[in-house]
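Trainee: Here it is, the structure in full.
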Amino acid sequence: MNFFIRYEKTIIRVIRWILVIGLLTPFIVGTKHLFPFVFPKALFFQFCVAAAFILFIGIVISNRRHTPKPSVLLVALGIWGLSIVLAGVFGFNFINSLWSKAERMDSIWFYGHLFAFCFMLISVFKTKEDWLFALRSNGLVGVAVGLFALASKYMPSFSKFGDQARLSGTFGNPSFLATYFVIFVFLCFLLVQYAAKRNEKIWWLCCAVFGIVLVLLSGTRGAYIGTAAGLGVWLLGLLLFGSRQYRKTGMVLVCVAFLLGGSFVLARPLWERAVPMVASRVYSSLSIPTQRLLVWQLGMEAFQARPLVGWGQENFIHAFNQYFNPDIFKYEVAIFDRPHNKIVDVLATTGAIGMASYVGLFFVIAFFLIRRAVQVRKAAMGWSMELGIVIGLIALWSAYHVQNLVLFEMPTSAIQMFFALALSLWFLDSGWNPLGHTGKSENIDYKISPVRTGLYAFASLGVVWSVWVGTCIPFLASRGFINAMVYFSQPMNEEYFNKGLSLYVQSRNRNTFLNKEFDINLARHIRNITIPRTEAWAQAYVNFGHTILGYLDDDMNRYREDYDILVEASNLMLDLYSKYRDPQTEAIGYAPRRFEAYESLFLFELIGNNKDEAQRIMDQLFRLGPTIGDTWYYQALFDAQWGDRGAVIGDLQKSILYGFSLHDKAREQEWLLNMFVSQKRFDEASAFLEYLRTEPHAPSQYQIRYGVLQVEVVYLSGDVSRARLLLQSLLSKLSDSGKQSVLQYLNSRGIIVEP
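Residue numbers (the working numbering): 25 to 779.
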């Protein structure tokens, strides 16, 4: 422990720098990981917090003066943190709550790092100068992130993030970018207040305006409303508390705001021509999408089912499955694992206890801010830097809470939120006089004992172990799984198949919280890959399926009542055995109004030629979703097997009309095609492929596949001359290498047609 005493100031500076490095999280993108815009960011931040925490433990154990004294604000923060843990322990599934998933990383584990981040910020950033360093660093990071986002959108060669109709940059989602920059904007306004020099004030004001532009380009309506609300509160503060000069400025800005708002009402065509994307999002902000209202209603049902402690972090999806309303799919075919409303989210996941602690924390902050504003106004008899900071913090939290009425937390926005939370607590906690401002000497206890040394060793080893288990192993497992998926996405050959399988098993055997996502993603993927049609490959597919099925069985035991696991297991069993298994009915029991389990059960009845049972399931699907594309696809299967065979193409047309992506679903195509071929209904098979090939939305690469399959089907029907004509027509549109590939494939299938 002598090390921490001797180099105390240096270590504190190192901790500060590590925490500031954690603010670089938005830059992190890992293309060789699951959810490259979310998961690697969370791991990077966790690593930074853990590294700082190891040093922080040593500093605190050697001298406890480096922690803030207890206060109402710190107690309120701690109670909120405990409510999250309590909800996880007594919620629906503790494993989900503890670890979350790679797509969200909204777990007790990650929140633990956020709370540690906040506590360390309060402890080691003790003076105004310290916080100016932190705020300026955060501001510069935000500017760099914003510039990179603009470059990725308007200079496509600069990055490989794909087409961005709405600005998303390194966040991968426009909403995630917007929630980050809403807080950034108001932190820049705080820097305007803190800045002593005119040029610096202008710089940070420009940065705030830059952040507003980025929010507009993101097209995120909730962020629009949140930013407008925050600016409105800021203007109101100028009018209520400012000096005469500031009030005049406030009135001018209010007039500008009214003129701008009026122009959106009176000159709508002009705005729609000038900035069509922004205008469309602004005008659509006037109404809440119906599907969101339905999900909010569902969230309230979830709260009523578990009113005290809720379902726990990352368990809203279970409530969504259980109380699913099929009407949601009329407006958007999407699965909501978040209610897209912070209030409903907190109620559903942490119950009344969590909501009381969450509201209580910000009520205490609001009370202290308003009290400070009144006190400073009376003391200063006008505007002052401190009053500007108070108004800025009130505006910041107003913007944050308003935007969260239609959005939800992600790692990047959560980091910004806890950064602002630490700033607010440091600024308001009048019960703690920051060191360096008391003017009194501190009584420092430099006694070193074996107990303190042992305590530090034990604590630091615990942190190292947590980094290995919660960060390093998941990092390696995720990277290995993505490498496996690269092999499975290539044209199948024995080398690629075996390599992919080996990497998958290796990643899976690391036994991380990612295992469920690995298994579900791969089970979905293999249903849509094309393997060579040979007996050896068929057996390899069966063996592969058994491997995944065994892992899914482990997942079922670990994650009770998980609808996605049950559905994927039943689909895989259907492919492997062509007979019924329990997961289908079990999944229906957990989520009686979701579609997928009924669809799997229908396929089983189709294979078994059980018309009455299949009809019963189709009736249920039509009751649940008569305007859902999937329903009409399964009606096409029913008509092809037992009904009006002439109606099949019409059914498929309706399925595409209602949003069913038939061209992207090789497995669904195979079901219908194999049904025709196995019953020697070659004309119907050819007509089906002709429809797919000529359907207006068919991608060009799929048109070639449909053409090759059509040649094969017509050849099997015995009409060799027509097969030759189809082949000639197909080859005429291909390059020499494409022609060679098609002919090699047909020859491997025993189809010899001279073009």
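Beta carbons: idealized from backbone N, C-alpha and C, even for Gly. Source: prediction; values computed, not measured.
1) What span of residues does the alpha helix (DSSP H) with E32 cover, start to end?
2) On the DSSP letters alone, give me the boundaries of the alpha helix (DSSP H) that D707 sits inside.
3) Could you give the residue range of the alpha helix (DSSP H) that holds P64?
4) Please determine, among V735, N634 and D760, the residue with the shortest C-alpha to C-alpha distance to L749.
5) Do L101 and P92 count as a contact pair if the criterion is CB distance below 8 angstroms?
6) Output the distance between the C-alpha atoms of Y307 and A638, rounded to the nearest integer angstrom.
7) Taking C-alpha atoms, which residue in F118, V566, G196 and E623 lies nearest to K65?
8) H570: buried (16+ other C-beta within 10 angstroms of its C-beta) or exposed?
9) Report back the beta-carbon spacing between F432 and D369 to the nearest angstrom; my notes put them in contact at under 8 angstroms.
10) What number of angstroms, rounded off, separates the C-alpha of S526 from the C-alpha of A508?
11) Let me check understanding here. Comparing Cα to Cα, which of F391, I226 and D586 lies closest to L449?
12) For T244, tell me which candidate among A189, V257, F210 and L277 has the shortest Cα-Cα distance.
13) If you compare alpha carbons, which of A252, A220, K221 and G246 is closest to V233?
14) Any idea if M129 is buried or exposed, counting beta-carbon neighbours within 10 angstroms, 16 or more meaning buried?
15) Is it buried or exposed, P94, if we count other Cβ atoms within 10 angstroms and call 16 or more buried?
16) What do you reckon, are the CB atoms on Y622 and T651 nearer than 8 angstroms?
17) Check A481 in the structure and name its three-state DSSP category.
18) What separation, rounded to the nearest whole angstrom, lies between the Cα atoms of T49 and D606?
19) Which same chain residues end up closer than 8 angstroms to E692 when comparing Cβ atoms and leaving out the 5 residues on each side of it in sequence?
20) Candidates L322, L317, A343 and M379: which alpha carbon is nearest L332's?
21) With DSSP as the reference, label E736 as helix, strand or coil.
22) Who are the Cβ neighbours of K354 in its own chain at under 7 angstroms, not counting the five residues just before and after it?
23) Could you tell me the alpha carbon to alpha carbon distance between L600 and F628, rounded to whole angstroms?
24) Within this structure, are the beta carbons of M580 and I572 separated by less than 8 angstroms?
25) According to DSSP, is R584 part of a helix, a strand, or is it coil?
26) Please list the segments of the alpha helix (DSSP H) lying wholly inside the segment 106-145, counting only runs of 4 or more residues, in order along the chain.
27) If you draw a straight line from the alpha carbon of L229 to that of L445, how long is it in whole angstroms?
28) Can you tell me whether N633 is buried or exposed, with buried defined as 16 or more other CB within 10 angstroms of its CB?
29) Rounded C-beta distance between I132 and L122? I'm assuming under 8 angstroms.
30) Could you give the DSSP three-state label for P60: helix, strand or coil?
31) From the DSSP output, in three-state form, read off R773 for me.
32) Suppose you measure from the CA of N467 to the CA of F344; what does that come to, to the nearest Å?
33) Within the same chain, show all residues whose beta-carbon is closer than 6 angstroms to that of S679, passing over the 5 residues directly before and after it, in chain order.
34) When the Cα atoms are used, what is the spatial distance from H425 to R640?
35) If I'm right that I83 touches F28 with Cβ under 8 angstroms, what's the distance once you round it to whole angstroms?
36) For chain B, find out if any of its Cβ atoms is closer than 8 angstroms to the Cβ of R330; answer yes or no.
Mentor: This is what the structure gives:
1) Residue mapping note: residue 32 aligns to position 8 of the sequence shown, counting from 1. Following the DSSP letters along the chain, one finds E32 inside the alpha helix (DSSP H) bounded by residues E32 to G46.
2) Residue numbering aside, residue 707 sits at position 683 when the sequence shown is read from its first letter. For D707, the enclosing alpha helix (DSSP H) has its first and last residue at F706 to T718.
3) The residue you call residue 64 lines up with position 40 of the sequence shown. Its alpha helix (DSSP H) spans residues F63 to S86.
4) Locating residue 749 in the sequence shown gives position 725, where the first residue counts as 1. L749 has its Cα closest to that of V735, out of V735, N634 and D760.
5) The residue given as residue 92 occupies position 68 in the sequence shown. The residue given as residue 101 occupies position 77 in the sequence shown. Not in contact: P92 and L101 (Cβ atoms no closer than 8 angstroms).
6) One-based indexing of the sequence shown puts residue 307 at position 283. One-based indexing of the sequence shown puts residue 638 at position 614. The straight-line gap from Cα to Cα measures roughly 46 angstroms.
7) The residue labelled residue 65 in the question sits at position 41 within the sequence shown. For K65, the nearest C-alpha among the options comes from G196.
8) As a working note, residue 570 is residue 546 in the sequence shown. By the neighbour-count rule (16 or more Cβ atoms within 10 Å), H570 is not buried but exposed.
9) Here residue 432 is taken as the residue at index 408 of the sequence shown, counted from 1. Here residue 369 is taken as the residue at index 345 of the sequence shown, counted from 1. Indeed, because the Cβ distance is near 6 angstroms, the residues count as touching under 8 angstroms.
10) By 1-based counting over the sequence shown, the position of residue 526 is 502. By 1-based counting over the sequence shown, the position of residue 508 is 484. Roughly 8 angstroms separates the two Cα atoms.
11) One-based indexing of the sequence shown puts residue 449 at position 425. Taking only the C-alpha atoms, the option nearest L449 is F391.
12) Mapped onto the sequence shown, residue 244 falls at position 220. Closest option to T244, Cα to Cα, is A189.
13) Residue mapping note: residue 233 aligns to position 209 of the sequence shown, counting from 1. Comparing C-alpha distances from V233 to each of A252, A220, K221 and G246 shows the shortest one belongs to A252.
14) The count along the sequence shown starts at 1 and reaches residue 129 at position 105. M129 should be labelled buried.
15) Within the sequence shown, the letter at position 70 stands for residue 94. P94 is exposed by the Cβ-count criterion.
16) Residue numbering aside, residue 622 sits at position 598 when the sequence shown is read from its first letter. Residue numbering aside, residue 651 sits at position 627 when the sequence shown is read from its first letter. Not a contact, by the Cβ cut-off of 8 angstroms.
17) Locating residue 481 in the sequence shown gives position 457, counting from the first residue. Helix at A481.
18) As a working mapping, residue 49 is identified with position 25 in the sequence shown. As a working mapping, residue 606 is identified with position 582 in the sequence shown. In this structure, the CA atom of T49 is about 44 angstroms from the CA atom of D606.
19) Taking the first residue of the sequence shown as 1, we reach residue 692 at position 668. Y657 and L686.
20) Numbered from 1 along the sequence shown, position 308 holds the residue referred to as residue 332. For the residues L322, L317, A343 and M379, the minimum Cα distance to L332 belongs to M379.
21) Taking the first residue of the sequence shown as 1, we reach residue 736 at position 712. DSSP places E736 in helix when its eight states are reduced to three.
22) Counting from 1 along the sequence shown, the entry for residue 354 is found at position 330. Taken in chain order, the residues that qualify are T651.
23) Here residue 600 refers to the residue found at position 576 when the sequence shown is read from its first residue. Here residue 628 refers to the residue found at position 604 when the sequence shown is read from its first residue. So the alpha carbons of these two residues sit roughly 12 angstroms apart.
24) Locating residue 580 in the sequence shown gives position 556, counting from the first residue. Locating residue 572 in the sequence shown gives position 548, counting from the first residue. Against a cut-off of 8 angstroms, the Cβ pair of I572 and M580 comes out as no contact.
25) The sequence position of residue 584 within the sequence shown is 560, counting from 1. Coil at R584, not helix or strand.
26) DSSP runs (the alpha helix (DSSP H)) wholly in the segment 106-145: 118-123.
27) For the purposes of this step, residue 229 is taken as residue 205 along the sequence shown, with counting starting at 1. For the purposes of this step, residue 445 is taken as residue 421 along the sequence shown, with counting starting at 1. Going by the C-alpha atoms only, they are around 22 angstroms apart.
28) In the sequence shown, the residue the question calls residue 633 occupies position 609. Counting Cβ neighbours within 10 Å, N633 comes out exposed, since fewer than 16 surround it.
29) Your numbering for residue 132 matches position 108 in the sequence shown. Your numbering for residue 122 matches position 98 in the sequence shown. With a Cβ gap of about 5 angstroms, I132 and L122 count as contacting.
30) Here residue 60 refers to the residue found at position 36 of the sequence shown. DSSP, reduced to helix, strand and coil, places P60 outside both helices and strands of the structure shown, so it counts as coil.
31) As a working mapping, residue 773 is identified with position 749 in the sequence shown. The answer is coil: DSSP assigns R773 none of H, G, I, E or B.
32) As a position in the sequence shown, residue 467 is number 443, starting the count at 1. As a position in the sequence shown, residue 344 is number 320, starting the count at 1. Caution applies to N467, whose pLDDT of 48 falls short of 50 and renders its modelled position unreliable; the value that the coordinates give is listed next. For N467 and F344, the distance between alpha carbons rounds to 56 angstroms.
33) Position 655 of the sequence shown holds residue 679. Once the five neighbours on either side are set aside, the close Cβ partners of S679 are G653, W656 and Y657.
34) To locate residue 425, count along the sequence shown from 1; it is residue 401. To locate residue 640, count along the sequence shown from 1; it is residue 616. Approximately 47 angstroms, taken between the alpha carbons.
35) Here residue 83 is taken as the residue at index 59 of the sequence shown, counted from 1. Here residue 28 is taken as the residue at index 4 of the sequence shown, counted from 1. With a Cβ gap of about 6 angstroms, I83 and F28 count as contacting.
36) Here chain B cannot be found, since the structure has a single protein chain.
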